[in-house]
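Protein chains in written order, with the numbering used here: chain A, 14 to 126; chain B, 341 to 448.
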Amino acid sequence: EADIYQTPRYLVIGTGKKITLECSQTMGHDKMYWYQQDPGMELHLIHYSYGVNSTEKGDLSSESTVSRIRTEHFPLTLESARPSHTSQYLCASSEKASFEKLFFGSGTQLSVL
Amino acid sequence: QKEVEQDPGPLSVPEGAIVSLNCTYSNSAFQYFMWYRQYSRKGPELLMYTYSSGNKEDGRFTAQVDKSSKYISLFIRDSQPSDSATYLCAINDYKLSFGAGTTVTVRA
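Shown next, in the form of structure tokens:
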């Protein structure tokens, strides 16, 4: 079944650790995105990609980095986690279309102590 | 000023009630108007989209757009407990801007 997968679902980690949040999609979509979601707040775009070897920063300043070596895989890395990075991270993908019908994963809830 | 403002809620209604959700937006260049539904501990899923002023119906759901007032609404008729979720409006020109979401609880 075509879907978008995020791992881990929950992560509790100490300050200063390097972490990678995984995102994979089996829909063959070119566009992929990372959003940050905090309770009661808008989704904020932190990174996106139009295809392999394409990555762009989004609207929200982020200390994370992303890579897109394969169409289906779009991992997000934090080199040194801080408590301010505590949030829900949502990965999404879409076909190349004139409007952004996004398919979201279930998210990774990150807590940095 | 935020590009999209959404009524914050939360809303709690009895089963069978009509739920009304609203957003306003600032950029008249916005072309596509969407509603996403997000269940607890899940990612958002697209519920409805439209690109023109007027109404669009899909079962118990009606999306309404008034471009002259920069106002969009989602109505849920005969609401069910399974409709309990957070509803996010999203509006698109060259990028997608989301509202903060309204959490709806439908009481059995």
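We put the CB at the ideal spot given by N, CA and C, even for glycine. Since the model is a prediction, treat every value here as computed from it, not as a measurement.
Span of the beta strand (DSSP E), counted from its first residue to its last, around I26 (chain A): Here residue 26 (chain A) is taken as the residue at index 13 of the first sequence, counted from 1. Per DSSP, I26 (chain A) belongs to the beta strand (DSSP E) from 23 to 26.
For T402 (chain B), the residue or residues it bridges with in DSSP: For the purposes of this step, residue 402 (chain B) is taken as the residue at position 62 of the second sequence. Listed as beta-bridge partners of T402 (chain B) by DSSP are B:E397, B:F415.
Alpha-carbon spacing of Q371 (chain B) relative to N432 (chain B), whole angstroms: Translated into the one-based positions of the second sequence, residue 371 (chain B) becomes position 31. Translated into the one-based positions of the second sequence, residue 432 (chain B) becomes position 92. Each residue's alpha carbon lies about 6 Å from the other.
Minimum Cβ-Cβ distance from L386 (chain B) to chain A less than 9 Å: Along the second sequence, read from residue 1 onward, the residue named residue 386 (chain B) stands at position 46. By this cut-off, L386 (chain B) is an interface position.
Paired residues, beta bridge with H57 (chain A) - DSSP: Along the first sequence, one-based indexing puts residue 57 (chain A) at 44. Per DSSP, the beta bridge partners of H57 (chain A) are A:Q49.
Residues of its chain near D347 (chain B), where Cβ-Cβ distance is below 8 Å and the 5 sequence neighbours each way are ignored: Numbered from its first residue, the second sequence carries residue 347 (chain B) at position 7. The beta carbon of D347 (chain B) sits closer than 8 Å to those of L361, N362, C363, T442, all from its chain and outside the five residues before and after it, given in chain order.
Which of helix, strand or coil DSSP assigns to P354 (chain B): Residue mapping note: residue 354 (chain B) aligns to position 14 of the second sequence, counting from 1. In this structure, P354 (chain B) counts as strand in the three-state DSSP scheme.
Beta-carbon neighbours of T119 (chain A), restricted to chain B and to distances below 9 Å: Numbered from its first residue, the first sequence carries residue 119 (chain A) at position 106. As written in the sequence, residue 119 (chain A) is Ser, which differs from the Thr given in the question. The answer, in chain order, is R381, K382, G383.
Residue-chain proximity (D72 (chain A), chain B), Cβ-Cβ < 9 Å: Translated into the one-based positions of the first sequence, residue 72 (chain A) becomes position 59. Closer than 9 Å: yes.
Range covered by the beta strand (DSSP E) that runs through K70 (chain A): If you number the first sequence from 1, residue 70 (chain A) lands on position 57. Looking at the DSSP string, the run of the beta strand (DSSP E) that includes K70 (chain A) is 67 to 70.
Check whether M40 (chain A) and E108 (chain A) have beta carbons under 9 Å apart: By 1-based counting over the first sequence, the position of residue 40 (chain A) is 27. By 1-based counting over the first sequence, the position of residue 108 (chain A) is 95. If you check the CB distance, M40 (chain A) and E108 (chain A) come in under 9 Å.
Spatial distance of S119 (chain A) from R381 (chain B) (CA atoms): Start at 1 with the first residue of the first sequence, and residue 119 (chain A) comes out as number 106. Start at 1 with the first residue of the second sequence, and residue 381 (chain B) comes out as number 41. Taking the Cα positions, S119 (chain A) is about 7 Å away from R381 (chain B).
Contacts around T99 (chain A), its chain only, beta-carbon distance under 7 Å, and the 5 residues preceding and following it disregarded: Position 86 of the first sequence, counting from 1, holds the residue named residue 99 (chain A). Cβ within range, chain order: L123, S124, V125.
Where A425 (chain B) meets chain A, residues with beta-carbon distance less than 8 Å: The count along the second sequence starts at 1 and reaches residue 425 (chain B) at position 85. Going along chain A, no residue has its Cβ under 8 Å from A425 (chain B), so there is no contact; the nearest lies around 13 Å.
Contacting positions in the region 41 to 54 of chain A - beta carbon closer than 7 Å to chain B: Those residues of the region 41 to 54 of chain A that come within reach of chain B (Cβ to Cβ, closer than 7 Å) are G53, M54.
Distance between S62 (chain A) and Y389 (chain B) (C-alpha atoms, nearest Å): Reading the second sequence from its first residue, position 49 is the one you call residue 389 (chain B). Reading the first sequence from its first residue, position 49 is the one you call residue 62 (chain A). Between Y389 (chain B) and S62 (chain A), the C-alpha separation is close to 23 Å.
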